[in-house]
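One point on numbering: in my numbering, the residue at position 333 of the sequence shown is 339, and numbering is uninterrupted. We put the CB at the ideal spot given by N, CA and C, even for glycine. As the structure is a computational prediction, the values presented were derived from the model and not from experiment.
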Amino acid sequence: MLALFLLVGCGTESTATFLRGNRFEWDYFNHRLSHLEYGIEDEQAHLAIVGGTSTTAFAPPLPAGCDVDTCTEFPFADRAQMRLDWGRVTTTQAVFGTGAASVVADADGETVTATIPLGARGRKVPHVLLNGYTISSNEPLAGEEACYLPQNGWLPTRVALTLGEPALSADGMSVTVDVTAVFAAGPTYEDERVCLDEVIDRARVRFDVHLLAVVTHVEPQELTFDQTQSFAYGDRFDPLEQPEPDPAEHALGVGGDADLTLGWTGWDFRFHTEGQERGAYIRSLELFLDGAGDVGWAHARNYSPGTQLSGFDYAFTGRALAFPLKGETTTGSVDELVLVDVTPDGVPTVFTYDL
7 MLALFLLVGC GTESTATFLR GNRFEWDYFN HRLSHLEYGI EDEQAHLAIV
57 GGTSTTAFAP PLPAGCDVDT CTEFPFADRA QMRLDWGRVT TTQAVFGTGA
107 ASVVADADGE TVTATIPLGA RGRKVPHVLL NGYTISSNEP LAGEEACYLP
157 QNGWLPTRVA LTLGEPALSA DGMSVTVDVT AVFAAGPTYE DERVCLDEVI
207 DRARVRFDVH LLAVVTHVEP QELTFDQTQS FAYGDRFDPL EQPEPDPAEH
257 ALGVGGDADL TLGWTGWDFR FHTEGQERGA YIRSLELFLD GAGDVGWAHA
307 RNYSPGTQLS GFDYAFTGRA LAFPLKGETT TGSVDELVLV DVTPDGVPTV
357 FTYDL
């Protein structure tokens, strides 16, 4: 009887809110990546996005002696439709904990170890999910300063965020996990942005990562993703369409279970892997998990009539977990048109929504 009691848990309920996916799409054009934020905290969602001066209509002054003709900015105001897909579970089959990690990464990647305190003593197998993140280019260049201001953003060739194997502490009150981030920037090949292209190998980007620990005897289903997509160009003012994924081609294999607790444990986007290596102006970017629809994918586009300078391709790999925890589960989405606003130091306005 004691063994059975320990197997099913002590009967104490735990509640957690988890990130299932996220998406943004710029309203008018494609842009650099300056700031991207999806957070879940205190039953609220936090969203923010910046894509350089072409989204804020604000151009910080150049350092003295810099050539405006080769370090040009085009102030313009844009806005983005941002979506955060979330779930909330209350169960006696798991102990949860939330934590955070900060990583300043470059093209070689960087790893830190995070410690996540648990709400109660965990006695079973630890798992950790990515429960939100902020990616910020407002980080000094490696080495000496230059004419290009990093707060204006980068054109990524690779963005990755992955978790290692978690470990439960000896007292069962915390979980540790390695968090690895990678960010590589690519050139524009534009005469107006020579100063950007000259320093791409010195780009450093800050990742602030939200983490959710799940300690449970319930074995999760592991989900893996390996996607590639290539879009031909057309021309600048009439680029070819870049359609959204077909759900029929992206089954998760979870049986349409709307009550799953699920989330990402790692994802890795590589852009412009075919032909000329260049950085990616991004129009939309998405990570999507839907237990009820039994579908999931990642997707990105650069489609932007008038400002699109090339075709587009990406390669994506990812990992996720789906837990069939018994209890009460609710799901929902925050889907908002988010304005772009920054201070003169490049700090964005963050918008908060109740879940």
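The stretch 20-33 makes contact with the stretch 264-278, as at least three CB pairs between them are under 8 Å. Taking C-alpha positions only, G302 is separated from E292 by approximately 10 Å. DSSP places Q157 within a helical segment (H, G or I) once states are collapsed to three. D241 and H223 have their C-alpha atoms roughly 55 Å apart. In this structure, P330 is the residue among D112, V215, P330, H133 with its C-alpha nearest to the C-alpha of G262.
Secondary structure in the stretch 40-122: the beta strand (DSSP E) runs of 3 residues or longer, each lying completely within the stretch, are 41-47, 50-56, 86-97, 100-111 in chain order.
In the three-state DSSP reduction, D347 falls in the coil class, being neither helix nor strand. Distances from the alpha-carbon of G45 to those of S175, P249, S60, D91 put D91 closest. Between G178 and G128, the gap from beta carbon to beta carbon is short of 8 Å.
DSSP places E342 in the strand class (E or B) of the three-state scheme.
By the neighbour-count criterion, in which 16 or more other beta carbons inside 10 Å mark a residue as buried, V74 falls on the exposed side. If you ignore the 5 residues before and after Y34, its C-beta comes within less than 7 Å of the C-beta of D84, all in its own chain and listed in chain order. The C-alpha of N36 lies about 46 Å from the C-alpha of K130. Around the beta-carbon of E283, fewer than 16 other beta-carbon atoms lie within 10 Å, marking it exposed. Taking 3 residues as the minimum length, the beta strand (DSSP E) runs contained wholly in the stretch 179-225 are 180-191, 211-222, in order along the chain. Fewer than three beta-carbon pairs drawn from the stretch 199-214 and the stretch 295-310 are found closer than 8 Å, and the two stretches are therefore not classed as touching. Residue environment analysis places S236 among the exposed positions, since fewer than 16 neighbouring C-beta atoms fall within 10 angstroms of its C-beta. Going by C-alpha positions, D347 is about 42 Å away from S175. In the DSSP assignment, I141 falls within the beta strand (DSSP E) that extends over 131-142.
In the DSSP annotation of this structure, the continuous segment of the beta strand (DSSP E) that includes T234 starts and ends at 227-237. A298 carries a coil assignment under DSSP once its states are collapsed to helix, strand and coil. Contact check between the stretch 99-106 and the stretch 322-341: three or more CB pairs, one atom from each, fall below 8 Å, which counts as touching. Under the 8 Å Cβ criterion, the stretch 105-113 does not count as touching the stretch 151-159, having fewer than three qualifying pairs. Put simply, the backbone Cα of P354 is about 7 Å away from that of V56.
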